[in-house]
Structures are given as structure tokens and as C-alpha cells.
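Chains as they are written, first to last, in the working numbering: chain A, 1 to 200; chain B, 201 to 400.
Cβ atoms here follow ideal geometry from the backbone N, Cα and C, with glycine treated the same way.
Number of protein chains: 2
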Amino acid sequence: MERLPLRERKKIKTKELLIQVATRLFLEKGFEATTIDEIVDQADVSQRTFFRYFTTKESIVFWNHDHRREALGQHLANGHDANHPFDRLKRALLAISKEYQEQKDQLLDEYRIVTSSKELISSDMELDIEFEKIISTSLQSWTGKPFLSKRRADIVAGALLGASRAILGEWFEGGCRQKLSSMDKDLIRLVDLFAKGFRE
Amino acid sequence: MERLPLRERKKIKTKELLIQVATRLFLEKGFEATTIDEIVDQADVSQRTFFRYFTTKESIVFWNHDHRREALGQHLANGHDANHPFDRLKRALLAISKEYQEQKDQLLDEYRIVTSSKELISSDMELDIEFEKIISTSLQSWTGKPFLSKRRADIVAGALLGASRAILGEWFEGGCRQKLSSMDKDLIRLVDLFAKGFRE
DNA sequence: CTATTAAACGACAGCAACTGCCAATTGGCA
DNA sequence: TGCCAATTGGCAGTTGCTGTCGTTTAATAG
Numbered sequence: 001m002e003r004l005p006l007r008e009r010k011k012i013k014t015k016e017l018l019i020q021v022a023t024r025l026f027l028e029k030g031f032e033a034t035t036i037d038e039i040v041d042q043a044d045v046s047q048r049t050f051f052r053y054f055t056t057k058e059s060i061v062f063w064n065h066d067h068r069r070e071a072l073g074q075h076l077a078n079g080h081d082a083n084h085p086f087d088r089l090k091r092a093l094l095a096i097s098k099e100y101q102e103q104k105d106q107l108l109d110e111y112r113i114v115t116s117s118k119e120l121i122s123s124d125m126e127l128d129i130e131f132e133k134i135i136s137t138s139l140q141s142w143t144g145k146p147f148l149s150k151r152r153a154d155i156v157a158g159a160l161l162g163a164s165r166a167i168l169g170e171w172f173e174g175g176c177r178q179k180l181s182s183m184d185k186d187l188i189r190l191v192d193l194f195a196k197g198f199r200e
Numbered sequence: 201m202e203r204l205p206l207r208e209r210k211k212i213k214t215k216e217l218l219i220q221v222a223t224r225l226f227l228e229k230g231f232e233a234t235t236i237d238e239i240v241d242q243a244d245v246s247q248r249t250f251f252r253y254f255t256t257k258e259s260i261v262f263w264n265h266d267h268r269r270e271a272l273g274q275h276l277a278n279g280h281d282a283n284h285p286f287d288r289l290k291r292a293l294l295a296i297s298k299e300y301q302e303q304k305d306q307l308l309d310e311y312r313i314v315t316s317s318k319e320l321i322s323s324d325m326e327l328d329i330e331f332e333k334i335i336s337t338s339l340q341s342w343t344g345k346p347f348l349s350k351r352r353a354d355i356v357a358g359a360l361l362g363a364s365r366a367i368l369g370e371w372f373e374g375g376c377r378q379k380l381s382s383m384d385k386d387l388i389r390l391v392d393l394f395a396k397g398f399r400e
């Protein structure tokens, strides 16, 4: 078992500490009512250090977005290019749904923080926009040849993300008590609908 | 012809002046590179006055969002409650499309400013979120009785807005030279798809 | 174990967005 | 004209965020 050098371990530790402190404060007093100074005081680092780890106050709420974006790309790539694009898409959606189910506690925290601030609600959309781009790209080709036009792929991706947001929103509002897999049915249904209604 | 009192006329004038100056500067140097001080200097008002007319720097970009939100509500209400909810929806979408066509110059300015800043791109979604809520509400009842469940209405509204964003994006990218009405076909088609695939 | 080097950090100064407060100006009206 | 109320300007202060620079601390070579 290789251990990281001390320096790296410390960095990870402070980053996690900052996330933990910030999350707690955001949940307690809301995002806007919490200042950076409060966070760094309780984490015992300088304000300057905070901004070395996180580019903005908002970005500490979305610390796991990078990973989630990459995961979507992975899932779409794994579903082999030989598969029908809509099948690839369905598999990827189910895989992500499974991941979300496993990370529900963390996601629920994030949801509660995000919905406490109008600012955050819209910033949260950045990830969705990137998801749309990735999905649209994936729908535009099949075994190296063009499949959907950019126009239609954008429409399908946009509609899909819109629907996903609605489903996830409902899941979160119910405290993630339902099984997400049971809520996905409508999403898969929607993809099938598109597959029929939006072939070129 | 009733004229407004001088005081009101002046207020309207300064507000329009601020919008005009800000729009010009944003287009010239980008949203983030423009400071409030530059705007108020050129408009010859104090910074304090700026923030009496606009709550934030962002809000001056979205000065017409209030009107657009109300317009959607109007169009959905005009299509009488007796009409089938999906018909009401289609009519409202076509009416809005017509309005957008008429205001294309202004909308294109806004689009170019918005897409110059990541921050603005996501803030711009706030209006879309409100659109979703309005449409979802409208889909949940028909002649006073429940129509779609909240769940399904949310999904349809989310998907619809997602698709609309894609279509509008393409329209703007083409400099609004195409007729929006010709691009709407896919949107109407989508509503029909939902009407068939998502009745209870 | 010590000396050197580079990475990480803290402290401080400064900018831009925004707010609260109060004094000055201006329009509405008797 | 003179008074009242709406609008504005000036100013000080808070918060998020950045550049700079000197100090600390981990890695490593001797």
C-alpha cells in the first residue's frame, strides 16, 4: 500500500476539512449568511489559502462536479461505440442513477445548500449545461458516422436534462427516500419516445 | 394624451439611459471587464443611484425578464381554460415565438452579452426555471380539475424548456437570420410527442 | 544529521460589487 | 413663494476575491 507523501496528504486533509466546515456552516446558517472568514477561522487556515483550494465561495459547494462530469463521459464511452446511441445513452443514465443512489447523503446536503440561494440554483446549472454538451456530442455519431444532426442532438439532450432535473428535484424533495431506479422509468421512457420520434 | 409627471419621466429616462450605456459597454468590452463606475460615469449618475434602479450588476442585463415572464403567464391564461392543456401550451409557445421574432435585435444583444460570461449563462437560467414552473402549473389542471400529476407536468415542462433553449441557441448563433417560426416545428412536434406519450 | 531547494502558507494591501445612512437637491402642490 | 415628500449624491463600511512578498515546512541531496 503506497502512501502519498506527507505534503500531498496534508493538502487533501485541509481541502476535506474546508469542505466539511463549509458544508456544516452552509447547512446551519445558509450559504449567503456564511462568510469566508467564518469558514477559515473554524478550519484554522488563512483566507488566502481558501482561495488556493477553491476559486470562489460557490465552488466549494460544487467540489464534486468535476468528478461527476468525468463520470458521465466515462459511462458514455464505456457503452461501446458499436451500440446504438440511444442504447448507450440509456445505459449511461442507469449507471449514473446508481451512483447517485450510493452518494445520496452527500447529494442531499448539496441540494439543500443549493436550494437555499437563488444564486446557487442557477450556478448549479453549469454542470447540467456541460452534461448536455457531452450527451449531444455522443448522439451525433455512431461507429464514426454521423447519427443525429447537431440540431436534433441538442434538442434531445436539452429535453433530457430538463426532465432529469425534474425527476431529481422530486427525489431530493422526498429526502431521497424513494429508490431512484423506480423514478428513472419515466426517463427511460422519454429516451424511447425520442428514439422513435426523433430519428432523422 | 396623458403625459406622466416629470418625476416619473425622469426616472424612466435614467433607467433607459443606464440600460443603453451598460449594453453598449458590455458589448464593447465584455460583461466582466466593465465596472459599475464606468457605467455610472458615462450615464452621469452616482453609483448609489445605479443600485436603486438595478439590484445587481447582472440584473441590468436581464432588465426585460420581468416582462417576458408576465407575457408567458398572459399567453397561457388567454388560451382559455376550456382548451386542452397541450393546445393551450402550443398556442402560448407560438405567441412567444412571434414576440421573440419581433424583438430579435434586443434579444440578440442580450444573447451576445450573456454568452460572454459563464456567470451570466447560468443566471440567465433563472427565467427558464420560472418558465418551467408556470408551464408545469398550467399542465396540472384542465377546467378546474387535475390533469397531469405534478411529477409528469414537471418532467414535460423541464424537457420542453430544455428543447427550447437548444432551438433558441441555434437561432441566436445564426444571428437570428432564420425565421423562428420555421424552427418551432420541432418544438410543436415535441409537445405532440408528449401529449401522446405522457397522458395519465 | 545537516544544508539546500521548492512548495505551501500567512499577512497585508488593494479592487470591485454592494449596502446603510444622512445630507442635499428637486419635483409636486397649496 | 414656501413647504413636504420623493429622489439623489456622498461617504464609510462589508464581503468576495487577487497580487505580492516574506516565512515556514516538506523533500532531498550530501
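Assuming residue i is part of the alpha helix (DSSP H), what are its boundary residues?
i, result
"Q47(A)", "Q47 to Y53"
"R88(A)", "P85 to E102"
"A395(B)", "K385 to G397"
"W63(A)", "That residue, W63(A), is in no alpha helix (DSSP H); it is neither H nor E in DSSP."
"R203(B)", "No alpha helix (DSSP H) contains R203(B), which DSSP labels as neither H nor E."
"E119(A)", "K118 to S123"
"A166(A)", "K150 to E173"
"A43(A)", "I36 to A43"
Helix, strand or coil for residue i, going by three-state DSSP, please let me know.
i, result
"K179(A)", "coil"
"S341(B)", "strand"
Pull up the CB-CB distance for residue i and residue j, whole angstroms please, since I reckon it's below 8 angstroms.
i, j, result
"D154(A)", "S136(A)", "5 angstroms"
"S323(B)", "S182(A)", "Their Cβ separation, rounded to whole angstroms, is 34 angstroms, which puts S323(B) and S182(A) out of contact at 8 angstroms."
"T190(A)", "A163(A)", "Inspection of the sequence shows that residue 190(A) is occupied by Leu rather than by Thr. Contact holds; Cβ gap of about 5 angstroms."
"D184(A)", "L93(A)", "7 angstroms"
"V231(B)", "I313(B)", "The sequence as given places Phe at residue 231(B); Val does not occur at that position. Indeed, because the Cβ distance is near 6 angstroms, the residues count as touching under 8 angstroms."
"R351(B)", "E170(A)", "6 angstroms"
"A282(B)", "T343(B)", "6 angstroms"
"L218(B)", "A243(B)", "5 angstroms"
"K118(A)", "E326(B)", "7 angstroms"
"F131(A)", "L193(A)", "Not confirmed; about 19 angstroms, so no contact."
"K15(A)", "Y53(A)", "5 angstroms"
"V45(A)", "L120(A)", "Actually they are not in contact, since the Cβ atoms of V45(A) and L120(A) sit about 23 angstroms apart, beyond 8 angstroms."
"Y311(B)", "L380(B)", "Incorrect: roughly 13 angstroms between the Cβ atoms, too far for contact."
"T235(B)", "F226(B)", "The Cβ separation is near 11 angstroms, so there is no contact."
Which residues, in order along the segment 156-167 of chain A, keep a beta-carbon less than 9 angstroms from a beta-carbon of chain B? V156, A157, G158, A159, L160, L161, G162, A163, S164, R165, A166 and I167
Given a limit of 9 angstroms on CB to CB distance, which residues of the segment 310-321 of chain B reach chain A? Those residues of the segment 310-321 of chain B that come within reach of chain A (Cβ to Cβ, closer than 9 angstroms) are K318, E319 and I321.
Please name the residues in the segment 381-394 of chain B whose beta-carbon is closer than 9 angstroms to at least one beta-carbon of chain A, in chain order. Along the segment 381-394 of chain B, going in chain order, the ones with a CB nearer than 9 angstroms to a CB of chain A are M383, D386, L387, R389, L390, D392, L393 and F394.
Anything in the segment 127-147 of chain A with a Cβ closer than 9 angstroms to a Cβ of chain B? List those residues in chain order, please. D128, I129, E132 and S136
Between the segment 232-248 of chain B and chain A, which residues of the former have CB atoms less than 8 angstroms from a CB of the latter, in chain order? none
Contact residues within the segment 251-282 of chain B, judged by C-beta distance below 7 angstroms to chain A: none
Cβ-based contacts, 9 angstroms cut-off: residues of the segment 82-93 of chain A near chain B: none
So if I threshold CB-CB distances at 9 angstroms, which residues from the segment 3-14 of chain A count as touching chain B? The residues in question: there are none.
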